[in-house]
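Inspection log for the structure reproduced underneath, given as structure tokens.
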Amino acid sequence: MLNKIAPDKWKHLFVGIAMGGILQGVCNWLMPNHFYWASALALGLVIAVSYGWELFSKLTGRGHYEVMDAVFSIAGGIAGMGIAAMLW
108 MLNKIAPDKW KHLFVGIAMG GILQGVCNWL MPNHFYWASA LALGLVIAVS YGWELFSKLT
168 GRGHYEVMDA VFSIAGGIAG MGIAAMLW
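In terms of the numbering used here, the sequence shown opens at residue 108 and continues consecutively.
Now the structure itself:
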């Protein structure tokens with residue numbers, strides 16, 4: 108089943124993992140005593156960046172617009188947030 112996932116989706120997933128981890132770490136650092144608020148902010152940023160990039164691609168014609176790319180980026184972002192939260 109995993110071999111049926113397109114290579115570009117894997118790229119979005121791995122970039123999402125890095126993005127989510129970094130954003131969770133930065134938000135935890137900015138709000139050290141407010142883990143839930145930091146996580147909510149990080150998730151909001153992951154969603155905004157992931158879909159915003161796809162929307163930017165659609166509006167400018169630079170790149171390929173596909174909602175599933177954003178979904179894979181968001182899924183990776185959530186995984187990255189989880190990894191960062193466990194390390195925090």
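For each residue, glycine too, the CB sits at the ideal point set by N, CA and C.
Being a predicted model, the structure only gives us computed values, none of them experimental.
- Beta-carbon spacing of C134, A145 below 8 Å: With contacts defined by Cβ atoms closer than 8 Å, C134 and A145 form a contacting pair.
- Item | Coil, strand or helix - M126 by DSSP | Looking at M126 - three-state DSSP - the assignment turns out to be helix.
- Message: Can you give me the C-alpha to C-alpha distance between I181 and H141, rounded to a whole angstrom?
- Response: In a straight line, the C-alpha of I181 is about 22 Å away from that of H141.
- Message: I need the straight-line Cα distance from G170 to F121, nearest angstrom please.
- Response: Cα atoms of G170 and F121: separation of roughly 18 Å, rounded to the nearest angstrom.
- Hey, F179 and K116 are a contact pair by Cβ (cut 8 Å); roughly how many whole angstroms apart? Yes, they are in contact, since the Cβ atoms of F179 and K116 sit about 5 Å apart, within 8 Å.
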